[in-house]
Every structure is written in structure tokens, then in C-alpha cells.
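> Next up is a structure, given as C-alpha cells.
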Amino acid sequence: MAVLFSVYYSLYLIKLFHKGENSAVKSKTDEELIALINQKHRPALEELYDRYVKLVYSFSFKLTKGDREKTKEIVQQVFLRLWTTTRIYNPLQGKFANWILTITRNIAIDIIRKEQKQPGMVQLELNEWWQMEDQETEDVPQQVSRNLLKQQIQEAKQHLSEPQQRLINLLYWEGYSLSEIAKMEQKPLGTIKSRLHQTLKILRNYFSKEIGGVPHGK
Amino acid sequence: MENKCENLSLYIIGELSVDEMAQFEQHLITCKHCRKEVNSLKETWQMLSYDVEEMDVPESLKAEVMDFIFQENSTESVQAKGTENKGSSLAQAKTAENVATLQVQEGELKKRSYLDGLKAFLGRQFSPLSTGITAVLLLGLIGLFWINLHLKENIVVLENKASSQTQIVRTFDLKGVNLAASASGSAYLLEEGRDTVLVIDLSKLPSTKDEEVYQVWLLKNGNRQSAGTLKPDPNGNGIITSRLPKDLSFDDIGITLEPTPNNTQPQGQKVLGTS
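As you go down the protein sequences, you meet chains A and H in turn. Position in the first sequence counted from 1, then plus 114, gives you the numbering used here. Position in the second sequence counted from 1, then plus 2, gives you the numbering used here.
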């Protein structure tokens, strides 16, 4: 009887302890969660999932042009990457959302491309890191700023010419390389390169005009 | 100089090789113009990701993702499959130069994956506290199991003793005399392991009055020792069992009708005996 009781009591304690662990991750920053994930702390990964899955899912959904199966595959690979990464996330290197979206885009392009022509591909985190100081004001709730940014980008896109819009679509959303695009457009690579430069500059000008958030250098 | 500045947009979209990237970063140190542009253009490139309709995530997705991560072998995640095809896809161009680094990483990963997998699994399942509690419970369980084994052994020993070694070593016929001439009976001397038990079965005993009892005496060289008392039932039957001390031997049995119980020497008349 005493044994049964002690077994029951310890199970209760274990349950209580785990519950405590799970609620503890809610108050952690993204950076702290990544550090915990590096130590293979599952509740931290689940918390990060809860925070970012909508963003990753929506982004992947657009990249796959609405293919739910591929979107699922991408989401799985993204969080698997987070689980196995040995990187320590450093907020000085950029916003976490940007980081996770860069990973998502690389994985998505890999998956989409693999289907198109089976290239053996390697994705590395090295290129997913931007050595960029984060200029965002942290006070703006993420959701609000995201919607605002979406509005900004859609307005800025209006100012792009037809070829410039096509370039962004092929390059950013479909993941073609500049030389592939040059072939498709039957233009020299140099032309496409300068078109890209022009396009980015136009977009930057409209972003900075409307939100003043993107600085022109220093 | 001009040539290097052309690479600015390629650098921003991550389409430079590792070598080219290193070169461009060197260039950044010396080129004021590129340095001025690089951060804001990078941020612009990243902002393209916000051009997305928000979707509702299926409820079931979380379980699928977690199952995928925690049930698949974690090394599968690193999608390293050597780049033979020198095609020109974006990601390939971006990362082909990193293959060497990755392969080293992958080798290490494979080596550690089994151990790490196990560690990670245990780490997930057991916090330090629950590990302690589990250990205590396991020890308790082992202890109980051990005690149980011993108890079983003891019971087996006792059962063997009880079942195999009981046997009758001697029987006596008892005949009535005097008052109880019609009475008769038998006595059996039993050995149970190391114990000796005397069982006496009597019948047709005259009934007793008041405090009167029949008392059994064991006789050895004229000495008498009491071996218990009994009162017969209304039909005159009675049975008495007494456990005898070790090393006690006797030649004859005598039974007397005693006026009071618990006498150390017979006071009443002899009513039954072996001779």
C-alpha cells in the first residue's frame, strides 16, 4: 500500500515538474529558446513552433504555390533544422523571424528544385546569417509590424516595371538563379544583375519613404 | 574596383561562392560606396518575405512535425548528397563551396548521432528530479523482489519439513481398568521434523463430574510426567494431543481420573493404561 502510494505520488511530482517546465518556456525570449534547443530541450522547440509556425507555414504556402503536402514537408524540415542546428542564435545578427524565413526559403527552394531537376543540394546555415544590425523598434508588436510591412511591400511593388516584378518573382519566390533568369529572359547576365540592383533600390526607396525604417547606409 | 561593386547585389541575395563572398567582404572594408548600401539593400531583400497572405495552420500539423523530428533519425535532416551536378541553380551556386565543411560536420554528426539520440531521448523523458525518483523507485522494486524471493524460499523449506517428515514411530493400546473398565483407546507417537507429538484417542470413558479431568502420565523407571488433561464429550470420546520436549523418552502411558486439573503427581485412581 505504501509502495503504491509512493509510486503514485512520484508520478504526480514528475507530472507537476514537467508542467512547470512547459509553462516556463513561455516566458523565454527566442534567443533563450534556441539556447535551450541546443541542449535538446523539447518544450523549447514546441514553444518556438507555436510562435513561428504561422509565419513559416504561410511563407512556405506561397513558395509552393499552395501545395499543402510540400508546405508540410518544408515546415517539418525547418523545425528539424532548428532542432539539429549547432548555431547559437545571436539577436545582434538579425531578427529571429528573418533568420527562420531565410532557412525556410532555402529549404523550400531545395524541395521545389529537387522535383524539377534533381540537383544534389546542400543547404548551409552559413548563408542564412546576415551580419546586420537590427534596426527594428522592439516596441511594435510583431503581428502589427508584419501586417504593416506587408502593406508596404505591396505598395512598393506597384512602382516596379513588369520585368522588374518578374525578376523578383523568379528570383525570390521561385528560387531561380540570376544566370537561369538571364537565359529565360534572353538577356546578358550583366543586364539582369543591374536590373536586380535597380529593383532593390526602388523597393528600398519606397520602404524608407513610407516607414522610415530602412536607413540609407550610415 | 568597379568589377567588385557589381557583386553587391549577388552578395545580398546570397549567390556568391564562399571565395567570392570572402573577396567581397574584403572589398567592403575598402569601398565606402558598397558599405553604405549593403545593410539597407539586405534588409530590403529580406522584406520581400512579408509579401505573404496569412494562412491558417492545420491543427494536426504540430503533431506531424514533432513526430517527424523525434521519430526520424536526426542525421537524415542534413540533406548532404554531394554536388556532382555543376548546374547553376541558385542554392547550388550559393552553397557548393560549403560542401567540405558540411561533410566534416556530417561525419561528426553520424558518429555522435546514436549516442546523442539516446542521450536526447533520456534527457527529454527524465528531468533530474524524475531521474532521482525513478532511481529510488527502481531500488525499492529490486529490494521488494529480493525479499519476495527469500520469502518464497523459506516457505518451500517449511513446506518440505511439514509434508515429508511426519511419521508414526510407535503405537500403544490402552485398556480400561477399575472405574472405566469398559473404556479403551490408542496412543500414537508421531515425529514431525524434530518435534515429537503424542496423540491419544479414547472412547467409552465414563463422564466426569465437576472439576474432574482425565490426566495422561508418561512413565519411565517409576517416574511420572504429566502430558495433558482432557474431558470426554457426552458420548465418552476424547482426544488429546501433546507436543513432547526433545529427548523425552517413556516406556508406558497411564491415565488417571483426577479430582482437579493441573496436578503434578497423580492423586486419583488409574483408569487406563498400556499394561
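Ideal placement from N, C-alpha and C gives every residue a C-beta, glycine not left out. Quick caveat, the model's predicted, so the values are computed rather than measured.
Nearest to residue 319/A by CA position, among 190/A, 217/A and 267/A, is which residue?
The candidate whose alpha carbon is nearest that of residue 319/A is 267/A.
> Are the beta-carbon atoms of residue 180/A and residue 226/A separated by less than 9 Å?
No. Outside cutoff.
> Suppose you measure from the CA of residue 170/A to the CA of residue 282/A; what does that come to, to the nearest Å?
If I take the Cα positions, the gap works out to 20 Å.
> Alpha carbons only, please: which of 116/H, 28/H and 234/H is nearest the one belonging to residue 182/H?
Cα-wise, what sits closest to residue 182/H is 234/H.
> Mind checking if residue 280/A is an interface residue toward chain H, Cβ cutoff 9 Å exclusive?
For residue 280/A, the answer is no, since every Cβ of chain H falls outside 9 Å of its Cβ.
> Does the distance from the CB of residue 198/H to the CB of residue 171/H come in under 9 Å?
Against a cut-off of 9 Å, the Cβ pair of residue 171/H and residue 198/H comes out as a contact.
> Pick helix, strand or coil for residue 134/H, following the three-state DSSP scheme.
Helix.
> Starting from the C-beta of residue 173/A, find all residues in its chain whose C-beta is less than 7 Å away, skip the five residues before and the five after it, and write them out in chain order.
Closer than 7 Å at Cβ, skipping near neighbours: 215 and 218.
> Does the segment 159–166 of chain A come within contact of the segment 49–56 of chain H, defined as at least 3 CB pairs closer than 8 Å?
The segment 159–166 of chain A vs the segment 49–56 of chain H: no contact.
> Report the start-end ranges of each alpha helix (DSSP H) in the segment 48–74 of chain H that is 4 residues or longer and not cut off at the edges.
Fully enclosed alpha helix (DSSP H) runs of 4 or longer: 63–73.
> Taking C-beta pairs closer than 7 Å, name the residues in chain H that residue 193/A reaches, listed in chain order.
By Cβ distance, chain H contributes 67 and 71.
> Does residue 245/H get closer than 9 Å to chain A when you measure Cβ to Cβ?
Residue 245/H does not count as touching chain A.
> Run through chain A and tell me which residues come within less than 7 Å of residue 46/H, C-beta to C-beta.
Simply 314, 317, 318, 321 and 328.
> Could you tell me the alpha carbon to alpha carbon distance between residue 156/H and residue 147/H, rounded to whole angstroms?
Between residue 156/H and residue 147/H, the C-alpha separation is close to 14 Å.
> So, using beta-carbon positions, are residue 70/H and residue 126/H closer together than 9 Å?
Taking 9 Å as the Cβ cut-off, residue 70/H and residue 126/H do not qualify as a contacting pair.
> Going by CA-CA distance only, name the one from 272/A, 187/A, 146/A and 158/A that's closest to residue 321/A.
For the residues 272/A, 187/A, 146/A and 158/A, the minimum Cα distance to residue 321/A belongs to 272/A.
> Would you report the Cα separation of residue 239/A and residue 152/A, rounded to the nearest angstrom?
With a pLDDT of only 42 at residue 239/A, under 50, the local geometry of the prediction cannot be trusted, and the value read off the model is given with reservation. Spanning the two alpha carbons is a distance of roughly 15 Å.
> If we count Cβ pairs, one from each stretch, closer than 8 Å, do we get three or more for the segment 221–228 of chain H versus the segment 262–272 of chain H?
The segment 221–228 of chain H, when compared against the segment 262–272 of chain H, does touch it at the 8 Å Cβ threshold.
> Distance check for residue 44/H and residue 38/H, CA to CA, integer angstroms please.
Their backbone Cα atoms lie some 11 Å apart in a straight line.
> Name the chain A residues that come within less than 7 Å of residue 17/H, Cβ to Cβ?
Per Cβ cutoff of 7 Å: 291 and 292.
> So which residues on chain A does residue 116/H lean against when the C-beta distance must stay under 9 Å?
Chain A residues near residue 116/H: none, gap ~14 Å exceeds 9 Å.
> To the nearest angstrom, how far is it from the Cα of residue 197/A to the Cα of residue 153/H?
So the two alpha carbons sit approximately 51 Å from each other.
> Under 8 Å Cβ-Cβ, which residues of chain A neighbour residue 21/H?
The premise fails here: residue 21/H is roughly 13 Å from chain A at the closest Cβ pair, so nothing lies under 8 Å.
> Can you confirm whether the segment 53–67 of chain H touches the segment 28–35 of chain H when touching is taken to mean that 3 or more C-beta pairs between the two stretches lie within less than 8 Å?
No, because fewer than three Cβ pairs between the segment 28–35 of chain H and the segment 53–67 of chain H fall closer than 8 Å, the two stretches do not touch.
> Starting from residue 152/A, find everything on chain H with Cβ-Cβ shorter than 7 Å and list it in chain order.
Here the premise fails: no neighbours, minimum Cβ distance about 11 Å.
> For the alpha helix (DSSP H) containing residue 14/H, name the first residue and the last one.
Its alpha helix (DSSP H) spans residues 10–14.
> From the beta carbon of residue 267/A, is the nearest beta carbon of chain H less than 9 Å away?
Closer than 9 Å: yes.
> When we look at the beta-carbon of residue 270/A and count the other beta-carbons within 10 Å, is it buried (16 or more) or exposed?
Buried, by the Cβ-count rule.
> What residues in the segment 293–311 of chain A have a beta carbon less than 7 Å from any beta carbon of chain H?
So the close ones are 293, 294, 307, 310 and 311.
> For residue 275/A, go through chain H and note every residue whose CB falls closer than 9 Å to its CB, in chain order.
Neighbours of residue 275/A on chain H: none; closest Cβ ~16 Å, over 9 Å.
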